[in-house]
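Taking it in order: structure first as structure tokens, then the write-up.
Protein chains: 10
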Amino acid sequence: MLFLVQMKVNPPTHLAPDEFARIKEEEKQRALEIQRQGKWPHLWRVTGKYSNVSVFDVDSNQELHDLLTSLPLFPFMEVSVTPMNTHPSALSE
Amino acid sequence: MLFLVQMKVNPPTHLAPDEFARIKEEEKQRALEIQRQGKWPHLWRVTGKYSNVSVFDVDSNQELHDLLTSLPLFPFMEVSVTPMNTHPSALSE
Amino acid sequence: MLFLVQMKVNPPTHLAPDEFARIKEEEKQRALEIQRQGKWPHLWRVTGKYSNVSVFDVDSNQELHDLLTSLPLFPFMEVSVTPMNTHPSALSE
Amino acid sequence: MLFLVQMKVNPPTHLAPDEFARIKEEEKQRALEIQRQGKWPHLWRVTGKYSNVSVFDVDSNQELHDLLTSLPLFPFMEVSVTPMNTHPSALSE
Amino acid sequence: MLFLVQMKVNPPTHLAPDEFARIKEEEKQRALEIQRQGKWPHLWRVTGKYSNVSVFDVDSNQELHDLLTSLPLFPFMEVSVTPMNTHPSALSE
Amino acid sequence: MLFLVQMKVNPPTHLAPDEFARIKEEEKQRALEIQRQGKWPHLWRVTGKYSNVSVFDVDSNQELHDLLTSLPLFPFMEVSVTPMNTHPSALSE
Amino acid sequence: MLFLVQMKVNPPTHLAPDEFARIKEEEKQRALEIQRQGKWPHLWRVTGKYSNVSVFDVDSNQELHDLLTSLPLFPFMEVSVTPMNTHPSALSE
Amino acid sequence: MLFLVQMKVNPPTHLAPDEFARIKEEEKQRALEIQRQGKWPHLWRVTGKYSNVSVFDVDSNQELHDLLTSLPLFPFMEVSVTPMNTHPSALSE
Amino acid sequence: MLFLVQMKVNPPTHLAPDEFARIKEEEKQRALEIQRQGKWPHLWRVTGKYSNVSVFDVDSNQELHDLLTSLPLFPFMEVSVTPMNTHPSALSE
Amino acid sequence: MLFLVQMKVNPPTHLAPDEFARIKEEEKQRALEIQRQGKWPHLWRVTGKYSNVSVFDVDSNQELHDLLTSLPLFPFMEVSVTPMNTHPSALSE
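Residue numbers (our numbering), protein chains in the order written: chain A, 94 to 186; chain B, 94 to 186; chain C, 94 to 186; chain D, 94 to 186; chain E, 94 to 186; chain F, 94 to 186; chain G, 94 to 186; chain H, 94 to 186; chain I, 94 to 186; chain J, 94 to 186.
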């Protein structure tokens with residue numbers, strides 16, 4: 094089941110830079126992990142912004158929520174979730 | 094080069110139903126054609142709405158514009174275009 | 094799997110009143126049918142508006158989309174879909 | 094009398110983490126208490142966000158206000174309140 | 094129980110002027126009737142707009158909905174409903 | 094001359110709690126004082142929010158401005174002011 | 094008493110062009126009349142838009158409402174009204 | 094050449110009160126100076142808000158920019174600039 | 094003097110297609126004419142939309158207004174005008 | 094390939110003034126450098142705001158992203174990116 098997820102990161106000004114750098118590194122590892130599980134098939138950077146466009150492939154809303162809230166940067170994100178399904182004119186997918 | 098394109102269709106009330114049905118059928122054929130050319134790798138339906146989430150893979154803004162304006166339903170669409178590029182944490186793409 | 098679905102109806106001014114009345118009656122029957130299937134556990138009227146707050150319980154985004162687009166009033170609706178999951182402080186559900 | 098209440102929590106950056114954790118625990122107990130009183134029949138988590146969708150069943154606006162402002166997290170919330178009533182096509186409720 | 098209700102009228106361009114004039118006259122009578130019942134204690138015109146600010150005093154959301162939808166101009170209105178309760182600094186009310 | 098005034102309070106996180114409590118107490122006294130002068134005939138609490146709906150009865154814009162800016166909580170408020178006048182269907186007022 | 098009034102005209106597509114031209118001419122005469130009364134001291138065109146920025150000088154909200162609703166183009170306008178008063182740093186006015 | 098300029102001041106919470114008071118005093122002097130030069134013919138206070146409505150009369154965009162950015166409060170302002178020109182129905186100006 | 098002007102065209106559904114085609118052709122000729130006068134140095138198409146991004150170089154707001162309102166498509170456009178001036182980091186211009 | 098890029102700077106209140114001044118100076122040098130490379134053909138200041146209107150000429154979304162994120166002020170900016178292409182009525186470009 095596919096979801097379009099758009100995440101905008103608002104870097105926290107109350108954290109020390111190296112603390113935030115550490116969190117970002119953890120974020121990268123966690124993101125790679127979820128992608129390897131096949132749950133996060135698409136992850137693109139929005140040109141000119143500290144935000145991404147993602148597509149998640151999960152079995153339930155709960156699973157999607159657990160994955161997103163497990164991201165170290167989650168507390169600093171504005172997240173929008175758009176459920177998607179097959180388009181009648183789609184060639185494949 | 095990737096673009097997130099979101100298209101919302103506002104069915105025209107001033108057209109006869111069969112005329113609009115004809116345009117929709119042309120739209121489907123044109124969409125399949127562009128997908129076969131590899132220019133439109135992803136096309137999903139937004140759950141509960143007459144709109145789609147698409148990803149286009151083109152060589153220039155001009156090419157994207159020409160493809161979008163070639164769609165028979167283009168005059169009845171609200172279109173948003175978001176340029177994207179590689180995300181540093183993306184596993185592949 | 095639960096979704097909050099909010100539907101606002103914009104009555105079409107280009108349809109004859111009795112034609113729209115017929116569609117509304119079909120809508121009521123279809124809504125009752127889906128509720129009997131257990132897919133639409135909650136349907137409330139928003140006070141002072143021609144819109145509703147609903148909760149759907151479905152197995153996939155696709156199923157939700159098919160149910161919503163099967164509603165006779167769908168072409169005259171603005172629909173927002175919010176995926177939900179269990180709240181850690183919820184007593185039951 | 095039913096109200097749709099949507100609460101978005103903006104975690105305070107000026108509070109110490111353990112202080113905020115304490116408040117969150119109090120919040121959970123208070124939420125369970127109100128639910129046991131039958132005043133808060135539905136509480137769901139919005140997928141991907143630190144916010145909830147709730148339905149309150151109260152006898153007056155005043156009662157709803159007193160319940161909401163009694164929540165320990167109230168000072169850190171954006172709350173929207175939508176009065177609801179019976180929908181003519183609702184099977185039960 | 095008090096509600097702030099704000100109503101903006103969008104005059105229908107598809108109705109004949111005298112037909113709309115007739116509806117407006119019915120609206121006035123119905124509004125006076127509800128006010129005489131004590132359910133609509135305040136009705137003010139917003140300066141410079143075809144809209145009003147009202148306060149309704151009702152026993153339930155359902156009653157408010159029935160009153161509002163009974164207004165002949167209801168189909169041509171954008172309505173916002175804000176539940177209110179006693180303010181701790183209010184002298185009376 | 095009547096004005097609808099809606100005030101949303103954003104509690105300042107940079108003030109000590111007892112300092113803000115002191116200001117709130119001053120606010121209450123000032124609000125009662127203005128109401129006794131007959132300038133602030135209606136003051137209601139918006140259910141579920143730290144904001145109010147008020148009606149002021151003043152002789153000029155200047156008087157309204159002076160009254161509002163005299164409120165101790167004014168620096169922490171988002172204020173919207175809507176001029177109103179007699180509605181042709183109003184029973185009294 | 095001063096009010097900033099911003100008027101955006103949405104030309105009606107359901108009226109014959111010469112009918113709308115007649116209304117526009119009436120509008121011009123009425124506008125000149127109000128200005129001669131000293132009630133409409135400033136009237137400017139917004140560059141690039143079919144809208145104006147005006148300042149009205151009236152004795153009450155009611156007077157402003159009567160003046161605005163007397164404008165032949167009023168039914169085709171979006172109007173915003175902002176009450177103003179003396180600025181402490183204003184040299185004159 | 095006329096511009097409608099609307100300035101909303103967001104008092105900085107990170108500055109000491111007397112420091113901000115000093116800046117406000119400088120602002121007043123600078124505003125009076127620009128008005129004396131005839132560049133700032135109108136300056137009104139928006140009722141109930143810490144913001145103003147102004148009309149500037151300048152020879153170029155650059156001149157307007159230089160004047161606005163010379164205001165001591167500029168760093169704490171949200172500014173909107175609307176170019177204006179003569180209205181065909183304006184009596185004078 | 095430079096202005097960023099963004100024009101979105103909303104094709105009129107109440108005009109016959111060939112009538113609108115005629116207006117579009119007139120629009121093209123007028124646009125070329127203004128560009129040859131050096132008043133419209135930049136005109137770009139927004140990818141995926143029936144709208145443009147333009148830069149006008151004029152001597153006054155009035156001149157800009159006269160140029161824009163002289164465009165045959167003006168009645169069917171949403172126009173936004175942003176005055177611009179030299180940027181301190183600009184290499185040339 | 095052209096992009097309209099609009100950058101609004103929100104000066105950070107948590108940085109020391111001289112630290113921010115240093116970053117601004119680095120920003121200027123970097124901006125001049127990119128302009129000399131021909132990648133940033135237009136850079137204008139928006140009148141009355143700490144923001145700019147720019148046109149970038151790049152070969153890909155990736156290149157645009159790398160250029161923008163290389164700007165020292167990038168962390169303090171709200172950036173909007175609009176892909177553009179040739180307009181059918183453009184004289185040159």
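Backbone N, C-alpha and C fix where the C-beta goes; we use that ideal spot for every residue, glycine too.
Query: For residue 132 of chain G, three-class secondary structure by DSSP; Result: coil
Query: Neighbour flag for residue 174 of chain I against chain G, beta carbons, 9 Å; Result: yes
Query: 8 Å contact criterion, which residue 169 of chain A and residue 102 of chain A should meet: CB distance rounded; Result: 6 Å
Query: Rounded C-alpha distance that separates residue 143 of chain D from residue 153 of chain I; Result: 50 Å
Query: Given 8 Å, three or more beta-carbon pairs between the region 155–168 of chain J and the region 113–130 of chain J; Result: yes
Query: Residues bridged to residue 144 of chain E (per DSSP); Result: E:101
Query: Residue 135 of chain C at chain E interface by Cβ criterion, 9 Å; Result: no
Query: Whole-angstrom C-beta distance between residue 139 of chain H and residue 100 of chain G, which should lie under 8 Å; Result: Actually they do not touch by this definition, with Cβ atoms about 18 Å apart.
Query: Whole-number beta carbon distance between residue 98 of chain E and residue 141 of chain C, since they are thought to touch under 8 Å; Result: 7 Å
Query: Start-to-end residues for the beta strand (DSSP E) that takes in residue 179 of chain C; Result: 170–179
Query: Separation of residue 181 of chain A from residue 136 of chain B, as counted between CA atoms; Result: 9 Å
Query: Unbroken alpha helix (DSSP H) run spanning residue 162 of chain B, endpoints; Result: 154–162
Query: Given residue 184 of chain E as reference, the closest of F:125, F:105, F:132, F:112 once Cα atoms are compared; Result: F:125
Query: Neighbourhood of residue 123 of chain C by C-beta distance below 7 Å, restricted to the same chain and skipping five residues each side; Result: 163, 164, 165
Query: Sequence-distant residues of its chain with Cβ nearer than 7 Å to residue 158 of chain D (five each side left out); Result: none
Query: 9 Å Cβ cutoff, residue 168 of chain I in contact with chain B; Result: no
Query: Close-in-space but distant-in-sequence residues of the same chain around residue 173 of chain B (CB under 6 Å, 5 per side omitted); Result: 99
Query: Selection from H:179, H:96, H:171, H:112 that minimises the alpha carbon distance to residue 133 of chain H; Result: H:96
Query: Residue nearest to residue 160 of chain E in terms of C-alpha spacing, selected from E:127, E:147, E:106; Result: E:127
Query: Assigned exposure category for residue 175 of chain C - 16 Cβ within 10 Å defines buried; Result: buried
Query: Sequence-distant residues of the same chain with beta carbon closer than 6 Å to residue 171 of chain H, five excluded per side; Result: 101
Query: Same chain only: Cβ atoms within 8 Å of residue 147 of chain A, ignoring 5 sequence neighbours per side; Result: 97, 98, 99, 100, 133, 135, 136, 137
Query: Helix, strand or coil at residue 95 of chain A according to DSSP, with G and I counted as helix; Result: strand
Query: Amino acids of chain C, ordered along the chain, whose beta-carbon sits closer than 8 Å to that of residue 157 of chain E; Result: 140, 141
Query: Residue-chain proximity (residue 178 of chain H, chain J), Cβ-Cβ < 9 Å; Result: no
Query: Per-residue contacts from residue 129 of chain I into chain J (C-beta, under 8 Å); Result: 184
Query: Distance between beta carbons of residue 155 of chain H and residue 179 of chain I, contact taken as under 8 Å; Result: 6 Å
Query: Inter-residue spacing [alpha-carbon to alpha-carbon] between residue 113 of chain D and residue 107 of chain D; Result: 10 Å
Query: Under 8 Å from the C-beta of residue 145 of chain J: neighbouring residues of chain I; Result: 180
Query: Beta carbon proximity, residue 160 of chain E to chain K, threshold 9 Å; Result: Chain labels in this structure do not include chain K; the protein chains are A, B, C, D, E, F, G, H, I and J.
Query: Bridge-paired residues (DSSP) for residue 139 of chain J; Result: I:177
Query: Span separating the alpha-carbon of residue 104 of chain F from that of residue 105 of chain J; Result: 22 Å
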